[in-house]
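Novice: Per the UniProt record's numbering: the sequence shown ends with 560, consecutive numbering throughout.
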Amino acid sequence: MTAAELSWWQTATIYQIYPKSFKDSGQQGTGDLQGIISKLDYLKKLGIDAIWLTPIYCSPQIDNGYDISDYYNIDPSYGSMEDFERLIEEAHTRNIKIIMDLVVNHTSTEHQWFKEAIRSETSPYHNYYIWRKGNAENPPNNWQSKFGGSAWEFVPHLDKYYLHLFAKEQADLNWENPNVRQEVQKVVEFWLKKGIDGFRLDVINLISKQQDFPNDGIGDGRRFYTDGPHVHEYLQELSKAVFIPWNAMTVGEMSSTTIEHCQQYSDPASRELSMVFNFHHLKVDYPNGEKWSKAPFDFISLKKILADWQKGLAERGWNALFWCNHDQPRVVSRFGNTSTYFKQSAKMLATAIHGLRGTPYIYQGEEIGMCNPDYTTIDAYQDVETINYYQIMRDQGMDEGDIMSIIQAKSRDNSRTPMQWDNSQHAGFTKGTPWLKVADNYHELNAESALNDEDSVFYYYQQLIRLRKIEPLLTYGRFQLLLEKHPSLFAYIREYNSQALLVICNFYNQYVDFPLQETPLNTYQENVEVLLSNYSGTTNNLATLKLRPYEAVIFKLPTY
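(1) Does the beta-carbon distance from Phe507 to Phe335 come in below 8 Å?
(2) Is Tyr341 helix, strand or coil when you go by DSSP?
(3) Between which two residues does the alpha helix (DSSP H) containing Ile305 stretch?
(4) Run the CB neighbour count on Val104, radius 10 Å, all protein chains shown included, and call it buried at 16 or more, exposed below.
(5) What are the partner residues of Arg478, as DSSP defines its beta bridges?
(6) Determine the direct distance from the alpha carbon of Glu110 to that of Gln170, and round the result to whole angstroms.
(7) Could you tell me which of Asn179, Thr93, Leu102 and Ala136 sits nearest to Gln126, measuring between CA atoms?
(8) How long is the line joining the alpha carbons of Glu253 and Phe277, rounded to whole angstroms?
(9) Determine, using beta carbons only, whether His354 and Arg200 come nearer to each other than 8 Å.
(10) At least one CB of chain B closer than 8 Å to the CB of His232: is that the case?
(11) Using the Cα positions of Lys294 and Asn509, report the straight-line distance between them to the nearest angstrom.
(12) Since Arg416 contacts Leu436 with CB under 8 Å, what's their CB separation in whole angstroms?
(13) If you follow the beta strand (DSSP E) that Leu201 is part of, which residue opens it and which one closes it?
(14) Could you please give me the residues that DSSP links to Thr250 through a beta bridge?
(15) If Gly228 and Lys209 are in contact, beta carbons under 8 Å, what's the gap, nearest whole angstrom?
(16) Express the C-alpha separation of Gln480 and Asn141 in angstroms, rounding to a whole number.
(17) Taking DSSP as the reference, what is the three-state secondary structure of Glu400?
(18) Hey, quick one: how far does the alpha helix (DSSP H) through Phe458 stretch, first residue to last?
(19) With burial defined as no fewer than 16 other Cβ atoms inside 10 Å of the residue's Cβ, what is the status of Asp513: buried or exposed?
(20) Could you compute how far the alpha carbon of His474 sits from the alpha carbon of Arg494?
(21) Put Met81 into one of helix, strand or coil per three-state DSSP.
(22) To which residues does DSSP link His92 through a beta bridge?
(23) Going by the CB atoms, is the gap between Gln16 and Tyr361 shorter than 8 Å?
(24) Reducing DSSP to helix, strand and coil, say where Gln354 ends up.
(25) Using the beta-carbon count (16 or more within 10 Å), is Lys485 buried or exposed?
(26) Report yes if the C-beta distance between Tyr511 and Pro549 is below 8 Å; otherwise report no.
(27) Tyr18: buried (16+ other C-beta within 10 angstroms of its C-beta) or exposed?
(28) Of the choices Gly428, Val251 and Asn372, whose alpha-carbon is the least far from that of Asn446?
(29) Are Ile37 and Phe22 closer than 8 Å when you measure CB to CB?
(30) Which two residues bound the contiguous beta strand (DSSP E) that contains Gln170?
(31) Considering only the beta carbon of each residue, do Asp32 and Asp41 sit closer than 8 Å?
(32) Are Ala167 and Val384 touching if we call contact CB-CB under 8 Å?
(33) Might you give, ordered along the chain, the residues of its own chain that have their beta carbon closer than 8 Å to the beta carbon of Val332, omitting 5 neighbours on each side?
(34) Would you check if the distance between the CB atom of Ile14 and the CB atom of Thr359 is smaller than 8 Å?
(35) What do you get for Asn522, buried or exposed, if any count of 16 or more other CB atoms within 10 angstroms of its CB means buried?
(36) Is the separation between the beta-carbon of Thr538 and that of Val530 shorter than 8 Å?
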């Protein structure tokens with residue numbers, strides 16, 4: 001790969017905005033497009049290259065916009081189409097690109113297609129969705145919704161069930177129907193004509209289901225619809241029709257996927273997607289694969305999974321790199337230290353992910369180290385998945401304290417609390433009452449205080465973003481994991497063209513000697529350059545290097 005062959009997104013850093021929680025321009029209590037526009041200079045100062053907006057289309061908001069009722073219009077709670085067009089213009093003026101979220105595995109049951117589909121079996125829209133005969137007592141199979149309960153909802157007047165892999169208000173589209181695929185192409189082209197630069201595609205690897213819809217024994221059905229039989233064919237068709245002609249950047253959210261499939265999804269030769277999100281590294285604190293339970297994260301597994309995906313997509317494909325998004329807990333609360341070593345652990349975690357091969361994504365507030373809010377009652381939560389699983393755990397007879405402890409760690413609302421802009425009421429997010437309670441620590445932890453602190457997490461992210469622009473090794477370099485079984489250190493080399501970077505991150509709150517003799521770096525001792533560290537006074541002698549709690553260092557080796 002040469003500089004001439006690079007696409008813009010391969011050296012970019014992308015910032016995810018959850019518009020409902022980013023900035024309210026008035027007093028409605030929810031964020032809006034004018035609020036985003038007002039903060040573009042802040043994002044320009046951070047140094048990001050593109051904004052990914054989670055869905056802003058018309059929606060009943062059962063799943064905060066991931067239940068779309070109209071693909072062609074902006075939800076009035078966010079503003080108008082004129083506001084959106086102004087956002088594109090203002091962002092582009094600052095050399096910031098706009099990526100929209102596209103949800104086409106399912107629509108809202110309030111979408112006109114579904115309203116027509118449910119009216120009659122003879123409707124031309126009936127086959128836009130997935131229906132199976134049954135009765136009220138016996139669903140077509142035992143597939144489970146991602147949000148809990150059966151994945152099927154019975155419609156009495158049709159004597160049929162429709163499939164919903166998520167909430168019952170999110171009916172799965174039938175991609176076997178070519179009319180559905182053509183409708184999706186029209187939606188994509190509509191927004192590209194508006195001037196946007198690409199799409200993030202929600203759970204896009206679930207669009208093709210095994211058509212005999214078998215029972216799954218003790219499983220939940222996911223093996224029959226994940227990376228399904230025609231998914232690559234459908235993505236190639238969509239890409240050929242609209243993504244490639246418009247030179248659109250695309251990133252696919254891949255649920256429960258495999259490296260092998262993601263190689264194909266993001267291999268330029270496959271002509272499907274630009275890059276892929278996978279979530280395997282964020283399941284290392286799921287004991288026995290169970291999200292709704294608590295356990296310390298498995299550090300050795302975390303390293304192995306990150307390394308496997310780095311190697312797996314090294315020659316074919318491209319990684320989207322991230323710790324946080326709108327569905328994940330805050331990473332400082334999850335893998336870091338929110339008390340004694342807050343700044344150090346937030347910066348260390350940033351270093352660990354930004355040093356890898358791929359395109360880094362920053363989720364709003366991550367750049368100042370926002371934490372989980374630790375709400376103490378279920379009434380404070382809004383997320384449909386959280387509320388469903390709260391009831392499931394209660395029905396299982398679990399202790400209320402244990403349930404709330406799990407929810408405090410695992411709820412999707414952990415990432416959805418309003419952005420903490422300053423120490424005024426409601427953290428400067430709104431002049432009204434926020435839709436979700438602001439985290440209590442906003443008085444000390446906010447963007448304004450970060451901008452006034454030269455040692456803040458914000459300025460460290462700024463340095464990381466800048467480093468990716470000026471250091472080719474971070475784009476081109478091959479990845480080599482070091483100290484695979486070390487219980488505290490995540491260390492790796494990025495090597496290219498006889499040069500190398502060494503990244504070392506201490507994931508724990510103890511001092512740790514760097515075991516140089518256990519690495520292939522014995523000849524590199526005093527003549528290494530410290531490019532970036534989250535502590536002052538880091539030695540450039542690898543032989544005497546002792547990592548402080550949550551210390552992270554990027555060294556440049558003279559030759560390799």
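From the three backbone atoms N, C-alpha and C, an ideal C-beta is built for every residue, glycine too.
The structure presented is a predicted model; accordingly, all values stated were derived computationally and were not measured.
Specialist: In short, the structure shows the following:
(1) yes
(2) coil
(3) Phe299 to Gly312
(4) buried
(5) Glu495
(6) 9 Å
(7) Going by the sequence as given, residue 126 is His instead of Gln. Out of Asn179, Thr93, Leu102 and Ala136, Asn179 has the C-alpha closest to the C-alpha of His126.
(8) 5 Å
(9) no
(10) No chain B appears in this structure, which consists of one protein chain only.
(11) 20 Å
(12) 6 Å
(13) Gly198 to Leu201
(14) Phe199
(15) 6 Å
(16) 45 Å
(17) helix
(18) Val457 to Ile470
(19) exposed
(20) Note that residue 474 is Leu in the sequence shown here, rather than His. Cα to Cα, Leu474 sits roughly 7 Å from Arg494.
(21) helix
(22) DSSP, once it has assigned bridges, lists no residue as partnering His92.
(23) yes
(24) This sequence places His at residue 354; Gln is not what is there. Here His354 sits in helix by DSSP.
(25) exposed
(26) yes
(27) buried
(28) Gly428
(29) no
(30) Gln170 to Asp172
(31) no
(32) yes
(33) Thr338, Phe342, Ser345, Ala346, Leu349, Gly369, Met370 and Cys371
(34) yes
(35) exposed
(36) yes
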